[in-house]
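Structure first, commentary second.
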Amino acid sequence: MLLSPLLRPSLGCSISGICSISGISAKKAAVGVRGGLQKRYLSHPSLNESFVSGVSGDYVDGLYEGWKRDPNSVHKSWQVFFQNLDSGVSPNQANSLPPVLSGGIEPAASQISAKDRAATDYMKLVLLVRSYQVRGHYLAHLDPLEINSANIHMKGEGEVHVPAFLNHRTYGFTDDDLNKTFELGGAAVGAASAGILASGKALTLGQILDTLKKAYCRTIGVEFTHISDQVQQNWIRNKFEVREGFQLSKEDVLNMFDRLVFATNFESFLATKYGVTKRFGLEGIEAFIPGMKACIDTAVEGGCSHITIGMPHRGRLNVLANVMRKPLEEILYEFIEGPVQGDKSTDEVLGSGDVKYHLGYSIDRPTTGGKPVHLSLVPNPSHLEASNPVVLGKTRAKQHFMRDTSRRKAMSLLLHGDAAFAGQGVVYETLELSNIKGYTTGGTIHMVVNNQIGFTTDPRFARSSPYCTDVAKTVGAPIFHVNADDLMAVIFVCKAAAEFRMKFGKDVVIDIVGYRRYGHNEVDEPAFTQPLMYQKIAAQENAMKKFQKEALEQGLLTQEDIDSVLSMSNEIFETAFQKARSGDVYVPDSEQKRKEGSSWAGFKHMREFSEIRCTGISPEIFAALGEKLYTYPDGFNLHKGLVRVMKAKRKMFETGQGIDWATAEALAWATLLKEGVHVRLSGQDVERGTFSHRHCVLHDQENESKYVPLQNLGDDCDVFSVFNSNLSEYGVLGFELGYSMESPRCLVMWEAQFGDFANTAQVIIDQFLCSSEQKWLRQSALCMLLPHGYEGQGPEHSSCRVERFLQLSDDDPEIIPNMDEHSRLQLQQCNWQIVNCTTPSNYFHVLRRQVMRDFRKPLIMISPKSLLRHPGCVSNAEDFYTGQRFRRLISEREPDQIDSPENIKRVIFCTGKVYYDLVKYRKDNGKRDVAVVTMEQICPFPFDRVQTMAKRYTNAEMVWVQEEPQNMGCWSYVEQRFATALKSVNGQRAAYIGRNPAASPATGNGTIHQAELDQFLHASFDLAPAPDRMAPIRWRY
């Protein structure tokens, strides 16, 4: 039996209810007490609720379980309570409550023995302590500006009124009791407790309250009682109430001051030199930098050696300079925007370019403790939080290749803005990956740069929750709020967060509350919309000056210490500026620099020729792998339907005929695993396959154990990973992209449940996948599988929107590239490949091609649905053998069904499933004067192969047939490229045949679908002369 459901009444109440307790009006609480600026909402229990409202349910459950084992293990007051509760007494009546809590009349002192009075006092103390642990953060002084403060309980200007739920009188104590001494620890408060209650000290009530206020109500606020694990809760209690392990030497203080000075002076230096240039500075929250560095130092001391960082634009230049140690002169040179040096073109050195506050960087550097760490800052777009899943995927890949099963050697560190953390859905999608087997990275440290505004929007209009970090509670992450102007508090919570992550392998959030000294950027005027806030900011002294005063007053630093650090920082910045201004800056080949010493060493960039390789395999490997792929252990109770499937698959390899799509896919993976390539497949329902075709994970029908043939090919094979993802596209595709960018020795594939749903991840596609190599020189071989095909299933299950991918393609439509096999660069110079295979063997070869060359490109695979079981969509063994490779275009496959080339009147070019509809119609209707050619690789466009077809069929007109509406599908992309290809051969313009333009991708009516199909199939073979042979045909029906 768990008591939690009984002892956890609702904590919510209305603003008016809060205000009646607090002594202020509801209106004043809702809008704040200074200038109409918002205050954080509060939640607390009604005083008529159970006396254990302030107690953690897990704590009470622990006491109850201990009492059942040994009644004497808990205090007498708890013994009485549990005995009464087991007898059927309600929780509110199971113990004699403090009169203020129960609302009853206090009995005469003579009626209560000293022993019972002590028991009651301990009970009241536990309740009071728990209330501070649960709700102390509401009273914490987190806002340096004191305009969005938690403390809305004000009697008068500057006079603090402690709310009822944190007032000792509420729990039956008097002011005289503040001097009463309590022996803490042992059975008095239960063996499961921690923190101040378990300290073993004899403290007065006043001292206990002072400790609790210092822990939870000053410049640090802690939210942790939503965590279900009591061990984690107790660790936090000990860390914040007892302040375990936080001792600072003078060297530590000088180090944190040094970091704060460099962070502060970096911003002021840029403001002086480049005052009207956008840089998205960190002024108002400069303590973030020493906090971040303390976080890294602590994680490294705990065993971490690789940290992948993701962050937005705010403060990025400061992180690059002071955390990543990118040379200052290079950063300053980017402000000058001088010419690229050396003999490299701009594209090769800097890609097509991105603004300076989006760029990434990697470095190996030591920590203050002397231990090495590799830091990798991932480039980011302006789409806030979009890089979050990319960072996690990259970290997970690092852990895989490092064999880091403990997930302690590699870690993610994500930086957020307050408005974005609360507002962007990808934050939640990324958080949800944190504890899923195929995606966990052992915990991420989240640092929120909370400047209490989103561009021009106040927090009260930017979220519905009290804090911007509340979304993190969904995964049980502890949340540490801290005032950005208290440097030591920032350092403390950052170290605590890193320790928590390294110990428990869970996400943790640091909410650093500061302000933004300037507007959204440095040329913006914030007073248009936040006049009162910016009056406060104008009068605000920065954190560096505040710490200087405190350090001097407390004797932590001398004036000489301070002057030395300030002088050194100014000298360093000025020297770097002079080097940048003089042009005496070495701009490195960033791509080459990044590759050195990494798994990407030796890989070609977009202007370096890469040899074309055949992707076929030997007959021996074909047979050996086929046998292993479709056998399973003796005694494994396979589903009877799959027994038939496995038997049919084995027969395919025995006869070498009829090899279908899923079999070719599994064979491609198996051969790559055999060659030392890691294969990872992820997405919704990918283990079985949306269309029940893959079955790469077998399930025992009696005990639900699993068997994965691809993981049992032999000890000499690499790792095959397959994971059904949660119901997310944006987050999961971003994760897999990050995974693919870590190493070229892996084939990473993400499959959409239906291609129609891929646009949920459009930000990843637009900002990363199609452009990361050009913007940031970052290659990826990620393969997107997008089920696509018009089969009468309606507008939501027909189209992957291939036209959108083609629109993002950057191959030139007016230039025919050099296609000599020894010098061709077409594929390397295109941003990705878009493929729609019509044979299993071609699918096999394109998958192997992804990792059998010395460069990497994303692969957009328009994958089939009905073709998975189409009797004509099969390949034979020889199609997979040595000497074979991917075919960009497949010419007429049934020459015996058509006339000789000179008698062909029309050549139909098409792609994908519609090919099988076309050849069936041709056969059924005896149309021998039309050839059908499939374009397997749409992008980059096969100009040379189209020209070959035009030269073969000299008397034929060229048409493009597609099943998508005219404004969708491939037509808009191929039309101009056909004209370029045919211009020098026969001067033709290819004609269009297909569905009419439409707003919806497909009809939901099966009868209309079939009628449309019949009409454009008929039009495809109707050879009535067009009015103008040189103009495109427009078929209307």
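Letter by letter, the sequence shown follows residues 13 to 1049 of the working numbering.
For every residue, glycine included, the Cβ atom is placed at its ideal position computed from N, Cα and C.
Just so you know, these numbers come straight off a predicted model, no measurement behind them.
Option in the options with minimal Cα separation from residue i
{"i": "asparagine 967", "options": "Glu914, Asp936, Trp983 and Asp956", "result": "Glu914"}
{"i": "leucine 568", "options": "Phe93, Asp908, Ile920 and Ser261", "result": "Ser261"}
{"i": "valine 709", "options": "Ala275, Ser835 and Tyr642", "result": "Tyr642"}
{"i": "glutamate 735", "options": "Cys729, Phe747 and Asp727", "result": "First, the residue type needs correcting, since residue 735 is phenylalanine and not glutamate in the sequence shown. Phenylalanine 735 has its Cα closest to that of Phe747, out of Cys729, Phe747 and Asp727."}
{"i": "proline 645", "options": "Glu511, Val720 and Thr481", "result": "Val720"}
{"i": "tyrosine 1004", "options": "Gly701, Val494 and Glu976", "result": "Glu976"}
{"i": "methionine 379", "options": "Glu586, Lys305 and Arg326", "result": "Position check: residue 379 holds threonine in this sequence, whereas methionine was assumed. The shortest Cα separation from threonine 379 among Glu586, Lys305 and Arg326 belongs to Lys305."}
{"i": "threonine 469", "options": "Asp523, Thr452, Gly405 and Gln542", "result": "Gln542"}
{"i": "tryptophan 762", "options": "Ile297, Ala773, Val926 and Glu754", "result": "Ala773"}
{"i": "glutamine 840", "options": "Phe856, His857, Asn848 and Gln862", "result": "Gln862"}
{"i": "glutamate 158", "options": "Asn447, Met970, Ile549 and Lys515", "result": "Ile549"}
Where residue i falls, given that 16 or more other Cβ within 10 Å makes a residue buried
{"i": "methionine 414", "result": "exposed"}
{"i": "phenylalanine 540", "result": "exposed"}
{"i": "alanine 422", "result": "buried"}
{"i": "glycine 638", "result": "buried"}
{"i": "isoleucine 1020", "result": "exposed"}
{"i": "lysine 136", "result": "buried"}
{"i": "proline 83", "result": "exposed"}
{"i": "lysine 718", "result": "exposed"}
{"i": "arginine 377", "result": "exposed"}
{"i": "proline 907", "result": "exposed"}
{"i": "leucine 1", "result": "The structure shown does not extend to residue 1, since the chain is modelled only from 13 through 1049, so no value can be given for it."}
{"i": "leucine 279", "result": "A small fix is needed here, since residue 279 is glutamate in this sequence, not leucine. Buried, by the Cβ-count rule."}
{"i": "valine 494", "result": "buried"}
{"i": "threonine 850", "result": "buried"}
{"i": "arginine 142", "result": "buried"}
{"i": "aspartate 497", "result": "buried"}
Span of the beta strand (DSSP E), counted from its first residue to its last, around residue i
{"i": "tryptophan 972", "result": "969–977"}
{"i": "threonine 894", "result": "Careful: threonine 894 lies outside any beta strand (DSSP E) and carries neither H nor E."}
{"i": "asparagine 771", "result": "Where asparagine 771 is concerned, there is no enclosing beta strand (DSSP E), given that its DSSP letter is neither H nor E."}
{"i": "methionine 796", "result": "795–799"}
{"i": "glycine 1006", "result": "1003–1007"}
{"i": "leucine 425", "result": "422–429"}
Alpha-carbon to alpha-carbon, residue j and residue i
{"i": "proline 876", "j": "leucine 396", "result": "34 angstroms"}
{"i": "tyrosine 893", "j": "lysine 686", "result": "16 angstroms"}
{"i": "glutamine 244", "j": "valine 521", "result": "14 angstroms"}
{"i": "proline 1009", "j": "arginine 897", "result": "36 angstroms"}
{"i": "glutamine 805", "j": "proline 799", "result": "12 angstroms"}
{"i": "histidine 1030", "j": "glutamine 1022", "result": "12 angstroms"}
{"i": "valine 657", "j": "tryptophan 681", "result": "19 angstroms"}
{"i": "isoleucine 629", "j": "serine 240", "result": "53 angstroms"}
{"i": "glycine 517", "j": "histidine 617", "result": "37 angstroms"}
{"i": "glycine 48", "j": "isoleucine 491", "result": "Confidence is the limiting factor: at glycine 48 the pLDDT is only 34, short of 50, which leaves the residue's position unreliable and the question unanswerable from this model."}
{"i": "glycine 212", "j": "valine 265", "result": "30 angstroms"}
{"i": "threonine 358", "j": "arginine 790", "result": "Note that threonine 358 scores 48 on pLDDT, short of 50, meaning its location in the model is unreliable; the coordinates nonetheless yield the value given after this. Roughly 15 angstroms between the two C-alpha positions."}
{"i": "lysine 939", "j": "glutamate 904", "result": "14 angstroms"}
{"i": "serine 418", "j": "glycine 454", "result": "8 angstroms"}
{"i": "threonine 289", "j": "isoleucine 343", "result": "13 angstroms"}
{"i": "arginine 625", "j": "serine 694", "result": "27 angstroms"}
{"i": "leucine 109", "j": "threonine 132", "result": "For leucine 109, the predicted structure reports a pLDDT of 43, less than 50, and the residue's modelled location is therefore unreliable. A value from the coordinates is still provided. When rounded, the distance between both Cα atoms is 8 angstroms."}
{"i": "aspartate 355", "j": "lysine 787", "result": "In this prediction, aspartate 355 has a pLDDT of 47, which is less than 50 and means its spatial position is unreliable; what the coordinates show is noted afterwards. Computed Cα separation, rounded: 20 angstroms."}
{"i": "proline 111", "j": "glycine 322", "result": "Unreliable placement is indicated for proline 111, whose pLDDT of 38 sits below 50; the coordinate value is still reported in the next sentence. Computed Cα separation, rounded: 53 angstroms."}
Segment limits, alpha helix (DSSP H) that includes residue i
{"i": "phenylalanine 856", "result": "852–861"}
{"i": "asparagine 582", "result": "571–594"}
{"i": "alanine 613", "result": "First-last for alanine 613: undefined, no H or E at that position."}
{"i": "leucine 404", "result": "400–413"}
{"i": "threonine 683", "result": "673–686"}
{"i": "valine 243", "result": "242–249"}
Mind the definition here: the segment 942–950 touches the segment 987–1003 only if three or more C-beta pairs lie below 8 angstroms; say whether that holds.
Contact fails: fewer than three Cβ-Cβ distances are below 8 angstroms.
If you pair each beta-carbon of the segment 438–454 with each one of the segment 464–480, do three or more pairs fall below 8 angstroms?
no
State whether the segment 219–236 contacts the segment 533–548, with contact taken as three or more CB pairs (one from each stretch) at a distance under 8 angstroms.
no
Stretch pair the segment 814–830 + the segment 610–626: three plus CB contacts closer than 8 angstroms
No: the two stretches stay apart, fewer than three of their Cβ pairs being nearer than 8 angstroms.
Cβ contact check for the segment 268–286 and the segment 568–578: 3 or more pairs under 8 angstroms
yes
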